[in-house]
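These notes are about the structure you will find just below.
In mature numbering (1 follows the signal peptide of the UniProt record, and there is no 0), the protein residues as written are -47 to -1, 1 to 561.
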């Protein structure tokens, strides 16, 4: 029964009200305690890195790059991940790539050898990549993930910060996490040198590029071809004679690589239209260079190098050729008709004369003139302009050859009389007569054949012996054969020698009766190989009208008088006979050679 209050209203039992009020307050306290625990847990989680770097590493991992709260040690087995860096020449930065098995987390830096401090800056990664930049030493120098990854590859772009002038070796290093108990620390790329961009800044060349030390290298004097050592490029440069000039004079430059004036070389490159950045880079490489000589008594005092290009440098031949071409252009351009050799006289104002003045290969020059007087003038002009860039003529290596005229005196600019010779070896071949060149080639081929006697006497298969013979002996014999002028007797003599060589190679004695078809196998006769080479080269030269050789292949002299007796066999006679058309004119032969299809058919259809 309810109790009525004095005002007549009913009231709830006091105990029931007390119990209800206590229950509501208790529940509120529970919720407050629960929320406090949740906030405390969230604070602790934000203060402690997530295991396995699921949300990425923090600054505490910058130096050691070790996984935080790992359940296992780093793997010691070879890493299944590859870290590579490719240089972007256009933008002067590196494209970095981490690839391999699927992984969840990564930490990536660029370092110098022996240092744990990251260098450079990674460009901001894209939003969908799941990566972010953190700061260890400078802003953006380290990359990590901002969420768990499930990928086999990440790509990033790294560059040195603007204004950084330190140069040297750089490598990229990463820690890659497949899962918490399986991760690899210290995955490295190959060392790279971020050098290209900074060499454009004068004075920023590394210290190692500014100093060099020369050390004596002892060798037996004159033993450049002993102990089975073949002739190298330097041996050819140091021991062969130079180039030509005169009626034909051969000339070479004394220590050509060491004498070019560097300041003038930079001006020449600018005149030839080389981009300013490249000229600046080359100038920085060749400026402020010093050297010292190391002796048994110690190093000498340092001295500055002001001339020359770097021997052995891949850029050096290009620089030298550009400088020499500049000197030749200054000496000859516009004066070809007065100084050079006349191929065809001037017909009128509109039809100028056709002349040739020089043939060049590196520092070996062949200067050609109509008379000895013109040869002296041409030589003096070339020598004068070469001296302006630092090149000096080597008079001892310069020879003079005269054709169809008496030997006359030719002197250099300083009055030195040049030696007159009857024949000269130029680029490995003797140029006065084919007969002399063939004799030399035959002797060298036999020498090569005898040096491989053990190979020929072995039980090697005959087919393999023929292949070795072609690649070792035949190439020595046929060097320069494309320019040989051969009579029928010369061809028979060469074929006979080739047959004797094959019998030596296959161990066939005079007692063995064997036909030439069995002896040769798939090999054609030597004379047919020479014809094929000669026709192929001649057709190639004639069809390239921009080449000087296009005018010379079928050139016939129109001046002078021929000596008494039978007319000598010429290259044109050989080409007509090779094509099987001995009765056609030179004009018809040129038309045939200009038809690539027909000339190729005749070249490849020679009888065996």
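For every residue, glycine included, the Cβ atom is placed at its ideal position computed from N, Cα and C. Please read all numbers here as calculations on a predicted model, not as lab measurements.
Asked, Found
"Runs of alpha helix (DSSP H) lying entirely within the stretch 400 to 434, each at least 4 residues, in chain order", "406 to 409, 415 to 422"
"Paired residues, beta bridge with residue 106 - DSSP", "52"
"Residue burial classification, residue 316 (beta-carbon count within 10 angstroms, cutoff 16)", "buried"
"Residues near residue 63 by beta carbon distance below 7 Å, same chain, minus five either side", "71, 72, 73, 111, 123, 125"
"Alpha-carbon to alpha-carbon, residue 508 and residue 440", "19 Å"
"Residues of its chain near residue 382, where Cβ-Cβ distance is below 8 Å and the 5 sequence neighbours each way are ignored", "390, 432, 433, 436"
"Three or more C-beta pairs below 8 Å linking the stretch 458 to 472 and the stretch 509 to 522", "no"
"Which of helix, strand or coil DSSP assigns to residue 553", "helix"
"Alpha-carbon spacing of residue 487 relative to residue 480, whole angstroms", "10 Å"
"Residues of its chain near residue -10, where Cβ-Cβ distance is below 6 Å and the 5 sequence neighbours each way are ignored", "For residue -10, the predicted model reports a pLDDT of 49, less than 50, meaning its position is unreliable and no value from the coordinates is stated."
"Euclidean distance between Cα positions of residue 533 and residue 483", "15 Å"
"Beta carbon of residue 314 nearer than 8 Å to that of residue 352", "no"
"Residue 84 versus 58, 30, 250, residue with shortest Cα-Cα distance", "58"
"Residue 601 vs residue 238 beta-carbon contact at 8 Å", "Residue 601 cannot be examined here, being either before or after the span of the chain that is shown, -47 to 561."
"Coil, strand or helix - residue 480 by DSSP", "helix"
"Through-space distance from residue 355 to residue 373, alpha-carbon basis", "8 Å"
"Test item: CB-CB of residue 363 and residue 401 under 8 Å", "no"
"Inter-residue Cα distance where the pair is residue 311 and residue 419", "41 Å"
"CA nearest to the CA of residue 268, picked from 243, 27, 247, 232", "232"
"Residue 81 versus residue 55 - alpha carbon distance", "17 Å"
"Pairwise C-alpha distance: residue 309 and residue 485", "28 Å"
"Sequence-distant residues of the same chain with beta carbon closer than 6 Å to residue 131, five excluded per side", "56"
"Where the beta strand (DSSP E) through residue 39 begins and ends", "34 to 41"
"Residue 85 in three-state terms, based on DSSP", "strand"
"Identified DSSP bridge partners for residue 29", "In the DSSP output, where bridge partners are listed per residue, residue 29 has none listed."
"CA-to-CA distance, residue 145 to residue 134, given in whole angstroms", "32 Å"
"Beta carbon of residue 218 nearer than 8 Å to that of residue 306", "no"
"Where residue 282 sits in the DSSP three-state scheme", "helix"
"Helix, strand or coil at residue 366 [DSSP, three-state]", "coil"
"Limits of the unbroken alpha helix (DSSP H) element including residue 337", "325 to 341"
"Residue 208 to residue 536 span [Cα, whole Å]", "The pLDDT assigned to residue 208 is 46, lower than 50, so where the model puts this residue is not dependable, and the model offers no usable value."
"At least 3 beta-carbon pairs within less than 8 Å: the stretch 321 to 336 vs the stretch 285 to 293", "yes"
"Cβ-Cβ distance between residue 472 and residue 456 below 8 Å", "yes"
"Beta-carbon spacing of residue 579, residue 260 below 8 Å", "As shown, the chain starts at -47 and ends at 561. That puts residue 579 outside it, with no answer to give."
"Residue 95 vs residue 86 beta-carbon contact at 8 Å", "yes"
"As assigned by DSSP and simplified to three states, the class of residue 239", "helix"
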